[in-house]
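Read left to right, the sequence shown gives residues 858 to 1085 (the numbering used here). Beta carbons: idealized from backbone N, C-alpha and C, even for Gly.
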Amino acid sequence: MTKDPGTVDYYYWPTANGQKVAIFLEESGRPYTIHPINITKGEQFTAEYTRISPDQRIPALVDGEVGVSVFESGAILLYLAQRRRQFLPQDVKGAADVLQWLFWQAASFGPILGQTVFFLNYSLESSSVAEARFSKETERLYRVLEQQLSERPYVAGEYSIADMAIYPWVVIHGKQGITLADYPHIFAWKKKIGERPAVIRAYEKGEGIRPSSQAEAERRKLNGLPPL
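As structure tokens, this is what we get:
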């Protein structure tokens, strides 16, 4: 993991959490270097990567210019937005609007949807209680997001790191048992973001690292399931 003191190095795998920061880096228009961390091969557990990400999860970022390393996708988004003064309003109210939705994603939307995906698709033992609990909460969170987007074009008014954090989780709505036809404002928002050139580039680069045709096989392997 050789780091150039003048560059930003991004360590990730193209999961929903990994794609959040990839979107920002493409949107920012500034150079960065990708370092794939293949989580199906356990590369996140190496001593070298652990020095960057003590929690041994992806993603992580090293800003060589100032000698800062950051782990946790939400923290990375906030760090980059503050450092580059992009996609985060500079006024107190605007920043608060973005940050509450960024933390909503990190504390509720992502974790709950992740559990829903697991119990609906990959759990080795069926649990109707868990499936019902997480599916119900997933639907509630989608209703919260739908209401928010019914009143503004983006989650916090203007396009921001909050949208970048939430979007990759909505992309995989099918595995959460969600039909976007039931959430027309989310559907329109997702389409609008998905057409942004930077978002397209971020997903194309992710596809180059891990083709989507391999994604399902990887998820099954990570969850101890036999290949289809």
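For my contact list, residue i and residue j are in at a C-beta cut-off of 8 Å; report their separation, rounded to the angstrom.
| i | j | result |
| --- | --- | --- |
| leucine 934 | leucine 959 | 7 Å |
| isoleucine 1029 | proline 893 | Actually they are not in contact, since the Cβ atoms of isoleucine 1029 and proline 893 sit about 20 Å apart, beyond 8 Å. |
| serine 965 | phenylalanine 976 | Wrong, their Cβ atoms sit about 17 Å apart, outside the cutoff. |
| aspartate 954 | alanine 1022 | The pair is not a contact, with the Cβ atoms about 14 Å apart (cut-off 8 Å). |
| proline 1025 | lysine 877 | 6 Å |
| lysine 1047 | valine 974 | So it is not a contact: roughly 17 Å between Cβ atoms. |
| glutamate 1003 | isoleucine 1043 | 5 Å |
| tyrosine 999 | isoleucine 1035 | 6 Å |
| phenylalanine 944 | tyrosine 1016 | 7 Å |
| arginine 920 | valine 986 | Rather than arginine, the amino acid found at residue 920 in this sequence is aspartate. No, aspartate 920 and valine 986 are not in contact; Cβ-Cβ is about 44 Å, not under 8 Å. |
| arginine 1053 | tyrosine 979 | So it is not a contact: roughly 30 Å between Cβ atoms. |
| glycine 931 | alanine 963 | 4 Å |
| glutamate 994 | isoleucine 969 | 5 Å |
| phenylalanine 881 | leucine 956 | So it is not a contact: roughly 15 Å between Cβ atoms. |
Buried or exposed: where does residue i fall if 16 or more other Cβ atoms within 10 Å of its Cβ makes it buried?
| i | result |
| --- | --- |
| threonine 859 | Because the pLDDT of threonine 859 is 48, which lies under 50, any placement of that residue in the model is unreliable, and the number read from its coordinates should be weighed accordingly. Exposed. |
| proline 911 | exposed |
| isoleucine 1057 | exposed |
| arginine 914 | buried |
| phenylalanine 902 | exposed |
| glutamate 982 | exposed |
| valine 949 | exposed |
| glycine 967 | buried |
| proline 871 | buried |
| aspartate 1020 | buried |
| serine 1070 | exposed |
| asparagine 895 | exposed |
| alanine 879 | buried |
| glutamate 1073 | exposed |
| proline 1083 | exposed |
| glycine 886 | exposed |
| glutamate 883 | buried |
| aspartate 1080 | Note that residue 1080 is asparagine in the sequence shown, not aspartate. Per the 10 Å Cβ criterion, exposed. |
| lysine 888 | A small fix is needed here, since residue 888 is proline in this sequence, not lysine. Proline 888 comes out exposed. |
| glutamine 939 | exposed |
Run through the DSSP bridge pairs and tell me what residue i is partnered with.
| i | result |
| --- | --- |
| tyrosine 868 | His892, Ala917 |
Between which two residues does the alpha helix (DSSP H) carrying residue i extend?
| i | result |
| --- | --- |
| glycine 1014 | Counting along the chain, glycine 1014 falls outside any alpha helix (DSSP H), and DSSP gives it neither H nor E. |
| glutamine 1034 | The sequence as given places glycine at residue 1034; glutamine does not occur at that position. Element bounds for glycine 1034: n/a, residue is neither H nor E. |
| leucine 1082 | Element bounds for leucine 1082: n/a, residue is neither H nor E. |
| arginine 1088 | Since the first residue shown for the chain is 858 and the last is 1085, residue 1088 is missing from the structure and cannot be characterised. |
| alanine 1045 | 1041–1051 |
Quick one: does the C-beta of residue i sit closer than 7 Å to a heavy atom of the ligand SAH?
| i | result |
| --- | --- |
| histidine 1042 | For the ligand SAH, the structure offers nothing, since it holds no ligand at all. |
With a threshold of 8 Å between beta-carbons, can residue i be considered close to chain C, or not?
| i | result |
| --- | --- |
| glycine 971 | Checking the listed chains, one finds no chain C in this structure; it contains a single protein chain. |
Exercise for review: Counting only runs of 4+ residues fully inside the region 945–1009, write out the alpha helix (DSSP H) ranges in chain order.
Suggested key: As far as the region 945–1009 is concerned, its whole alpha helix (DSSP H) runs of at least 4 residues are 949–961, 967–978, 985–1006.
Point to revise | Complete runs of the alpha helix (DSSP H) confined to the region 874–944 [at least 4 residues] | key: Annotation: the region 874–944 contains the following complete segments of the alpha helix (DSSP H) (minimum length 4 residues), in chain order: 904–909, 930–941.
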